[in-house]
Structures are given as C-alpha cells and as structure tokens.
Amino acid sequence: MKARTDSVKFRGWSRREVLKLAPVALLGAFAIPRFQEPLLKAGVSFSDWASARLFRPRHLAPTFADSEVTPFARFPINGYDVDDPGVDFDAWSLTVTGSVQKPGDYRLDQFRALPKVTQNTRHVCVEGWDVIGNFGGVRLADFLNMIGADPTARYVYVECADDYYETLDMETALHPQTLLCYEMYGKPLTREHGAPLRLTIPTKVGYKQAKYLTDLRVTNIVQRYGYWEDQGYPRFYGL
Amino acid sequence: MATRSVVITNVKTGEIRDAVYEHPYLVRLCHWLNLVSLFVMIGSGLQIFRAFPSFGPKIPQRDLLDWPKAYALGGWLGGALQWHLTFMWIYIATGIVYLGYELWSGNIRQVLFRPRDISGVWPMVRHYFFFGPKPPVTEAYNPLQKQAYTSVVLLGVLSVATGFAVWKPVQFSWLAWMMGGFHWARLWHFLVMWAILAFIFGHLVMVILHGWNNFYSMLTGWKKDPEYPEQ
Chain D
1 MKARTDSVKF
11 RGWSRREVLK
21 LAPVALLGAF
31 AIPRFQEPLL
41 KAGVSFSDWA
51 SARLFRPRHL
61 APTFADSEVT
71 PFARFPINGY
81 DVDDPGVDFD
91 AWSLTVTGSV
101 QKPGDYRLDQ
111 FRALPKVTQN
121 TRHVCVEGWD
131 VIGNFGGVRL
141 ADFLNMIGAD
151 PTARYVYVEC
161 ADDYYETLDM
171 ETALHPQTLL
181 CYEMYGKPLT
191 REHGAPLRLT
201 IPTKVGYKQA
211 KYLTDLRVTN
221 IVQRYGYWED
231 QGYPRFYGL
Chain W
1001 MATRSVVITN
1011 VKTGEIRDAV
1021 YEHPYLVRLC
1031 HWLNLVSLFV
1041 MIGSGLQIFR
1051 AFPSFGPKIP
1061 QRDLLDWPKA
1071 YALGGWLGGA
1081 LQWHLTFMWI
1091 YIATGIVYLG
1101 YELWSGNIRQ
1111 VLFRPRDISG
1121 VWPMVRHYFF
1131 FGPKPPVTEA
1141 YNPLQKQAYT
1151 SVVLLGVLSV
1161 ATGFAVWKPV
1171 QFSWLAWMMG
1181 GFHWARLWHF
1191 LVMWAILAFI
1201 FGHLVMVILH
1211 GWNNFYSMLT
1221 GWKKDPEYPE
1231 Q
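Here the protein sequences line up with chains D and W, keeping their order.
No gaps in the numbering here: position 91 of the first sequence is 91 in my numbering, and each next residue is one more.
No gaps in the numbering here: position 75 of the second sequence is 1075 in my numbering, and each next residue is one more.
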C-alpha cells in the first residue's frame, strides 16, 4: 500500500518535520552568557536536591578491613591545607553557638570523654582520587546530643583555623559514621591532617570534611555555605 | 512493522521518486538532544578527568595522559562539574524517552541486534573494510548497523550506571561493588566514554559516506530513494 504525493506537498511535510525539532535549539540557551550561569546553577541545585533525596540516614558507607587501608604515608594532604594554620594546641577549644542548650568552649578532653568510634572508610576527593583511611573520634551525633543541639535545625555550620568554612545538612550530621575526628591511624591528628579536630564523613565528598575546626554553630540560616560551594561546587555532594 | 512510504511526483519535471518514513519524531528529537548532551557530557567529563588524570593511587601519582584543556569543557573542575551535573539529567531523560518509545512502539525492531543478524555481520565487515561484495539491502539497517546501534544503546545505559557508581558510591554501593568499588567504577566510566567516542567516529564516517538523503532522514524522518524495497 503506497500513498502518492507531489513534490511540493512533500517539501511542505519535510519542512514541518524539521521545524518540530526546534525544541533542541532551546539547549542553545546554555551557550548564551546571560543564561548560562543561572541555568547551570539550576542544574546543580537540582542535582543537590536529588542527592539529598537519595541520602538514607541509616544506610552505612562500606567499611574495610585493616589490610585494605591505605598506608598513612600515602594518605594525601590536599595542597590547600599544607599551610600551617598556626593552631595553638594548648589553648585550643571548639566554640559552640546557635540552637544549642549548652553553648560554650569545648576542650579536646571533653571530646575524648565521649564514646570513641574507629572506622576504616573510603575518603573520596572531588578530583577523583580515593583512599581508605583509619579514623578515630566521636560521633558528631553524640556531641550534638551532649550540647543539646536542636535536631530540627537545618544545618551544622563549622569554621576552621584557616579561612575554610563548611555547612553540613542535619541529616548527614546525625549519620552514625559522621565523626568529629581526633585520631588517624591510632595516633592524634597531625597538623596537616587537620589537628586537633576535623570532620570525617564517609557519606560526603572530601571538601565537605573540614579540618582545623574552631567554631561550630547549629542553625537554620547560613550567611555563607562553604569555601568551595561558594565558588561553584555542589552544596550537598553526598556520595 | 508497517512502514509508511510514498511515491513523490515532481509536478514540474514529472520525475518519480520513492520515500519511506524511517525515523519517527521522538527518535529524531532524542537523537539531536542526545548529540548535544553527549557533547557536553564528554567535554565536561574530560575536564573533570584533568583534575586527576590517573586511575592509580594519589601518592605516588602517575598521570595516564595530559588531556589538552582546549578539548575540554567547563574551564576548571567546579565549572565542569556544573555542566556534568546539569546535562546528565538531560542525557538520562532523553535516554528514557528514547528507550521507552522504542519499546512501546515496537520501533526497536528496526535497530535491535538479534541472533538471526549474526550471520550477516561478517559479510558487511568484509564489504566495508576488505572490499568484499555488497550484501543485498533488505531493511533500514543492515546487521552490522544493528550491532553498532544496539551496542551504543547498551553503552549509554552503562555510562549512566557507571556514572551513578562514581557519583553515589555509598547510596548505590551495590552498583559500585559490581564494578569493583568506586576506584574501578571511575575507570569503567572512562572506558565507556571512549567506546562511545569510537562509535561516534564510525557513525560520522558512515554518515558522510552515505550522503545527503540518509542524513536528511534524521531531520525529516523521510528517506528518499531508499536502497531497500518498501514493505
């Protein structure tokens, strides 16, 4: 069964079919400087939203045997952190503010007094490399509980001895593998790994795991989100 | 599958031509959307790769290759991530619409490589690469084309699966585990990209060799003067 048509009509059909592909040209908006930034921002926001939806508060990141752990000497130090932020270890304390019942300054021995957790977990850098490290410390959830933090607050915001800062969503902050880490490989944190206290979060990419913590605030509002996030990196970046 | 075909009469010269409707609208739309999103995904993916161009340890780092920045998209790691994390949704949505439509409409029979096509692959390879005789053309796609198109659809699915293993190695730890963990998933993701690039190279060569009517059919759906008899 074959239909017949004349070439003029056929040209008309063909033209209409090509025009129907016009929606593809909408992607061209990404090439226009004025639209590019807001469009990409929307795309990253959507990815962050999806990341938050995919996050399961009770799902644990894989843990590894001691034999699988990357040797300490081969645990990378990001170039950014090599500068010594000049923390005075004897005078150090973590200053807690925000929606907490017991704000104030917390010394390292107060963290050591809380139940200690040790875990072998994978540290994934946004650049693409990964290592398996041995981390020891206290659950952030336990510390938040001790200071009487409002668990319905949205964020745990931290500041560091260098100019680094970071915002963590409350769900991730309460995850059982999210640690305030004061030991790596069974020894107190070294300067370049974030002494005396850092975050280790196996459900997050590396840049969320701030080092040299000095301040912690439980809050619903943040003025700035994170050192890298404010330069265009994704905010949630859950693994 | 019933294929629409027409006889076109040129009103001025009286010339008579055949045309068959080869590519339904959604297939064409997805093809061109996919062209753009693949371009962005590969370009930004290579820029992301530049941040750590290795699949070994970080210490000591041994770079696999120094990929030139001029052939990458996004300018820096953060910029490339923005492109990658935006266009991956367009890429995935296009893939779902395409595959869903192909299965729903039965149009997938046009490209699906099946056991009966196996015997036809070698004669086509002999024809293309070793100057063998041209096998008779009986349908829109020859066995080698079906093999290529079916493979690239599978590669598309694999690119998403390996991508999710890299992006979410904790939430999709089973996916990462199937690929040997995050570290290997990253390598698989990279290799799938090269396999897709190899397909694109072959695809472009064939498009150029087959000329205008063939190319035009991906725009209008209609292929003039098909090589095969209409059903």
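Backbone N, C-alpha and C fix where the C-beta goes; we use that ideal spot for every residue, glycine too.
For chain W, is any of its Cβ atoms less than 8 Å away from the one on residue i?
i              : result
residue 21(D)  : yes
residue 74(D)  : yes
residue 62(D)  : yes
residue 118(D) : no
residue 169(D) : no
residue 180(D) : no
residue 56(D)  : yes
residue 27(D)  : yes
residue 127(D) : yes
residue 227(D) : no
Contact check, residue i vs residue j under 8 Å by CB: the rounded distance?
i               : j               : result
residue 1072(W) : residue 1043(W) : 6 Å
residue 232(D)  : residue 1079(W) : 7 Å
residue 176(D)  : residue 139(D)  : 6 Å
residue 202(D)  : residue 61(D)   : 4 Å
residue 128(D)  : residue 1048(W) : 7 Å
residue 1228(W) : residue 1138(W) : 6 Å
residue 1221(W) : residue 1025(W) : 7 Å
residue 1124(W) : residue 1136(W) : That pair is no contact at about 11 Å.
residue 7(D)    : residue 1142(W) : 29 Å between Cβ atoms; not a contact.
Pull up the distance between the alpha-carbon of residue i and that of residue j, whole angstroms please.
i               : j               : result
residue 1183(W) : residue 130(D)  : 7 Å
residue 1075(W) : residue 1051(W) : 11 Å
residue 1117(W) : residue 1093(W) : 30 Å
residue 1046(W) : residue 1070(W) : 10 Å
residue 214(D)  : residue 196(D)  : 9 Å
residue 118(D)  : residue 63(D)   : 11 Å
residue 50(D)   : residue 207(D)  : 19 Å
residue 98(D)   : residue 173(D)  : 15 Å
residue 1001(W) : residue 1119(W) : Reliability of the predicted coordinates at residue 1001(W) is poor, the pLDDT of 41 falling under 50, and the value obtained from them is presented with this limitation in mind. Spanning the two alpha carbons is a distance of roughly 22 Å.
residue 1016(W) : residue 1022(W) : 19 Å
residue 58(D)   : residue 1144(W) : 48 Å
residue 181(D)  : residue 144(D)  : 14 Å
residue 1193(W) : residue 1154(W) : 12 Å
residue 95(D)   : residue 76(D)   : 28 Å
residue 1095(W) : residue 116(D)  : 47 Å
Using CA atoms only, rank isn't needed, just tell me which of the options is closest to residue i.
i               : options                               : result
residue 1190(W) : 1103(W), 1222(W), 1076(W) and 1161(W) : 1161(W)
residue 1019(W) : 5(D), 34(D), 29(D) and 15(D)          : 5(D)
residue 106(D)  : 91(D), 115(D), 185(D) and 99(D)       : 91(D)
residue 1223(W) : 33(D), 8(D), 14(D) and 220(D)         : 14(D)
residue 227(D)  : 209(D), 219(D), 188(D) and 194(D)     : 209(D)
residue 104(D)  : 152(D), 217(D), 199(D) and 70(D)      : 217(D)
residue 1185(W) : 1194(W), 1165(W), 1199(W) and 1192(W) : 1165(W)
residue 1129(W) : 1086(W), 1205(W) and 1077(W)          : 1205(W)
Comparing the C-beta of residue i with each C-beta of chain D, is any distance below 8 Å?
i               : result
residue 1065(W) : no
residue 1047(W) : no
residue 1082(W) : yes
residue 1095(W) : no
Can you tell me which residues form a DSSP beta bridge with residue i?
i               : result
residue 165(D)  : 159(D)
residue 123(D)  : 131(D)
residue 1018(W) : 1007(W)
Taking 7 Å as the cut-off, is the beta-carbon of residue i closer than that to any non-hydrogen atom of the ligand MN?
i              : result
residue 191(D) : Among the components modelled here there is no ligand, and therefore nothing to report on the ligand MN.
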